[in-house]
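First comes the structure, then the notes that go with it.
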Amino acid sequence: QITDRFDTIFRRLRGLGKITDTNIQETSREIRRVLLEADVNLQVARDFITHVKVKAEGTKVLKSIKPGEQFIKIIYEELIHVLGDETAEIDLNGKPSVILMAGLQGSGKTTTCAKLAKMFTNQNKKVLMVAADVYRPAAIEQLQSLGRQIDVPVYDEGLGDPVAICVNAVAKAKSEKVDIVILDTAGRLHIDGEMMNEIQHIWDEVKPNEILFVADSMTGQDAVTSAKAFSEALPLTGTILTKLDGDARGGAAVSIRQVTGTPIKFAGVSEKMDGLEPFNPKQMADRILG
Amino acid sequence: QIVKEKVSLQSLEQLEETLLASDLGLSTVDDILDIVKKHSKENFINEVADYMQQSLGHEKELEIKSPSVMLVVGVNGTGKTTTVAKLAKYYKDQGKSVLLVAADTYRAAAIAQLHQWSKRLNVRMVCNEKSQDPTSVLFDGLKSAKSENIDLVIVDTAGRLHTYKNLMNELEKMVRVIRDRFPEFNLCSIMTIDANLGQNSLHQVREFAKSVHLDGAVLTKMDGTARGGIVFALKNELDLPVLFIGIGEELNDLNEFAADEYINSLLG
Ligand SMILES: Nc1nc2c(ncn2[C@@H]2O[C@H](COP(=O)(O)OP(=O)(O)OP(=O)(O)O)[C@@H](O)[C@H]2O)c(=O)[nH]1
Ligand SMILES: Nc1nc2c(ncn2[C@@H]2O[C@H](COP(=O)(O)OP(=O)(O)OP(=O)(O)O)[C@@H](O)[C@H]2O)c(=O)[nH]1
Ligand SMILES: [Mg+2]
Ligand SMILES: [Mg+2]
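Protein chains in written order, with the numbering used here: chain A, 235 to 524; chain B, 5 to 272.
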């Protein structure tokens, strides 16, 4: 029963009785509150509600007997649709297939590199991880340590040039018939011109098959700013949302999806190497609506 | 950019948008809008600034009485290890003797990361590569600090989500060791809050505070575009003051929190 699941919204809407033109405004405000509390960006929430209203009017739900219930059903379905109702795949057609990881500091890129590597290894693919973060203290050691843990080799050139490291790693992978190369990069601010140029340079030289934006699922309103900037700098092919084993509602998922237009492909659900799952839009919608 | 003008519906909406976009959260923004609506006079932005200043209170300074131990805790990736290094520099520059304890015994290369910082700082670090027990490393660190008359021990801990009861218990155990075995050490605990994160930071702090009394927060990654407006709720609802802000990835990138500067950056 949908109204049992979204008790919070339903309790708020129930008090409004039949949804009419006069209280649709109030209804929208209540929905907006729920979305904002879940960290969905304000403008994204507004656009979403406008879209839902149009849909509601289109299905004549506003004249129905149980408007609250119907309205919530539309919101829920629309949210699932926005989050991406198709499961997204990773492009494994390259020889090798190259995956470039990008994102803000601390979002979980290095850990996710290893999780992806383990997943592909389990599928009997030959994987190479590349330590292209030459800035963060012991970043290379971190990737090497994870590589030992999952028995996947790590390519590094110490504190060299990240662009050269990536180019050389892909060349080596080609010659060794590696299936998948995963490029771990340094966390960077979207407003750091030099660092954004660097990752654009890597993309330009290597032409990866996948460019994945790794984002913390607990991100707040600013998710639109950083995600938009990354998607304008790089042709992102997908997003990975991390730390979903926390209890953040995860509204950033909607913001990021809206602003980048790319599918959310995976969810990080623990610190462990098996803590990666395909993204589940329905579960995410449940979580956001609380 | 909010224009200083008389309160109109449009200016209220603009204020609401600006504050929500900075992650102040609905209930804090509602409170502020109520104040503005009640006292709708000219120049309501000053009204807002005053209210915000009152909320955040006066600058809090941590008193570091020797010997002290500072636990740095927080959620994964929020900047604990980097902040530990910055704090070490801050207090070393004040003439205090500092010792670092690498009590993140879990994450790959966590010890190596802090070790890099300790070398750059020329500050000693206590660690145990083979240990999987952060409490025992903490114990070694405090024993060492005691014998060397160290002023301040700064402890780097593993990132953790409050949803893991066993990890919260681990923090409680560390506090117990300090209180029971090293009662002469003054304990203060600092939590890192990532300015990029949303309303869940309030919940994080609430939960962490059940396991360890928090003396203050460091708002990290304020050199990005996120504004960390959750600090108002942290102070108003949980009485947690922000002591420092992190403005970059280097040792010098730590500023004492200045409420007036912060408020100006929010209100433009
Ligand atoms: N609980 C949980 N922790 C995670 C998850 N993904 C990453 N982490 C943790 O988040 C922290 C940061 O992860 P990293 O992989 O170092 O992040 P990063 O993006 O590479 O960081 P930088 O390279 O500094 O930008 C570590 O403590 C990880 O163990 C996840 O899905 N769940
Ligand atoms: N731009 C910016 N980056 C920061 C700041 N503080 C930390 N970082 C970066 O954030 C990333 C994570 O920092 P860490 O110090 O490893 O975070 P942590 O909380 O110790 O991470 P875990 O131990 O894995 O939980 C690193 O890339 C840091 O350089 C800051 O104030 N500004
Ligand atoms: Mg990394
Ligand atoms: Mg750390």
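In this text, a Cβ means the ideal position worked out from N, Cα and C, and glycines have one as well.
The structure displayed is predicted, hence computed values, not measured ones.
Since Tyr389/A sits in a beta bridge, which residues does DSSP pair it with?
Val364/A
Which residues count as close to ligand 3 when the rule is a CB under 7 Å from any of its heavy atoms, in chain order?
Lys343/A, Thr344/A, Asp367/A, Arg370/A, Ala373/A, Gln376/A, Asp418/A, Ala420/A, Gly421/A
May I ask you to check if the CB of Thr82/B is nearer than 8 Å to at least one heavy atom of ligand 2?
yes
What I want to know is whether the C-beta of Lys93/B ends up closer than 8 Å to one or more non-hydrogen atoms of ligand 2.
no
Proximity below 9 Å, CB of Val493/A to CB of Ala461/A
yes
Which residues bound the alpha helix (DSSP H) around Pro71/B?
It is not in any alpha helix (DSSP H) - Pro71/B carries neither H nor E in the DSSP assignment.
Beta-carbon of Lys225/B versus every beta-carbon of chain A: anything under 9 Å?
yes
Note down, in chain order, every chain A residue with its Cβ under 8 Å from the Cβ of Thr167/B.
Asp479, Gly480, Asp481
Apart from the five residues on each side of it in sequence, which residues of its chain come closer than 6 Å, Cβ to Cβ, to Lys360/A?
Val412, Asp413
Run the CB neighbour count on Gly272/B, radius 10 Å, all protein chains shown included, and call it buried at 16 or more, exposed below.
exposed
Opposite Pro512/A in the DSSP bridges: which residues?
Phe500/A
Quick check on Arg111/B - is its C-beta less than 9 Å from some C-beta in chain A?
yes
Classification of Gln259/A by the beta-carbon crowding that lies within 10 angstroms, buried from 16 upward
exposed
Please report how far the alpha carbon of Glu9/B lies from the alpha carbon of Asn47/B, in whole angstroms.
Annotation note: pLDDT 48 at Glu9/B (below 50); position unreliable, no value reported.
Would you verify that the beta carbon of Gln120/B is, or is not, closer than 9 Å to some beta carbon of chain A?
yes
Give every residue of the same chain whose Cβ lies closer than 6 Å to the Cβ of Asn268/B, excluding the five residues on either side of it in the sequence, and list them in chain order.
none
Evaluate the contact criterion for the segment 204-217 of chain B versus the segment 65-79 of chain B: three or more CB pairs, one atom per stretch, below 8 Å.
yes
Residue closest to Ala487/A, alpha-carbon to alpha-carbon, out of Arg267/A, Asp367/A, Gln517/A
Gln517/A
Proximity test, Gly318/A beta-carbon vs ligand 2 heavy atom, cut-off 8 Å:
no
Thinking C-alpha only, which one of Leu104/B, Leu258/B, Lys214/B, Ile49/B is nearest Asn132/B?
Leu104/B
Beta carbon of Thr161/B, beta carbon of Leu175/B: below 9 Å?
yes
Compare the C-beta of Ala221/B with all C-beta atoms of chain A and state if any pair is closer than 9 Å.
no
Where Met452/A sits in the DSSP three-state scheme:
coil
Option nearest Lys96/B by Cα separation, candidates Ile115/B, Asp54/B, Ile154/B, Ser148/B
Ile154/B
Going along the chain, which unbroken runs of the alpha helix (DSSP H) with 4 or more residues stay wholly within the segment 311-369 of chain A?
343-356
Which residues does DSSP pair with Leu104/B in a beta bridge?
Met129/B, Ile158/B
Determine, using beta carbons only, whether Gly472/A and Ile445/A come nearer to each other than 9 Å.
yes
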